[in-house]
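Step one of this worksheet: look at the structure below.
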Amino acid sequence: MMANAHTINPCLKVLRGKVREGTEPENPLLIALWLNMENEGENESSLSIVTRREMYVAQFQLLLDVVVDDLVPGHWRRLCLDHIYQPLSSLKKISDGEHSEQKIRKLLQELAVSCRYIEHGLTN
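Anchor point for the sequence shown: position 84 equals 84 in our numbering, and the numbering is continuous, going up by one each time.
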């Protein structure tokens, strides 16, 4: 989770859980709502670069966890895959050197390997 976890809005925690478990698979806007609320609700611009990085990596990991979870409905997993670029894009925007770029490449590699592994399950 994020470094400032003690200030997490309870609504965000609920949204995160709904996204992770796919409990509202007929509500595709839920993912965008969660990402927007988390990014704006935590007053993103006032957070340190380190905290923002942690937040974006946590978002990426949650979405990737959904994508690879075959107990979650397939269309929800695909929706999460469609949104996984958002935290990656945010990480790219705050990248400040080779170490940051290396971390992003590592996440992209993790995504590629994971998608290759579960490719068949996402197409059904």
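Heads up, the beta-carbon is just placed ideally off N, CA and C, and yes, glycines get one too.
Considering only the beta carbon of each residue, do residue i and residue j sit closer than 9 Å?
i	j	result
L30	E24	yes
S100	R53	yes
V19	V66	yes
I118	D70	yes
DSSP on residue i, reduced to helix/strand/coil?
i	result
E38	helix
S48	coil
G97	coil
L91	helix
I31	helix
How many angstroms separate the CA atom of residue i from the CA atom of residue j?
i	j	result
L111	R105	10 Å
State yes or no: is the C-beta of residue i nearer than 8 Å to some heavy atom of the ligand GTP?
i	result
L81	This structure simply doesn't include the ligand GTP, nor any ligand for that matter.
Run the CB neighbour count on residue i, radius 10 Å, all protein chains shown included, and call it buried at 16 or more, exposed below.
i	result
L79	buried
R77	buried
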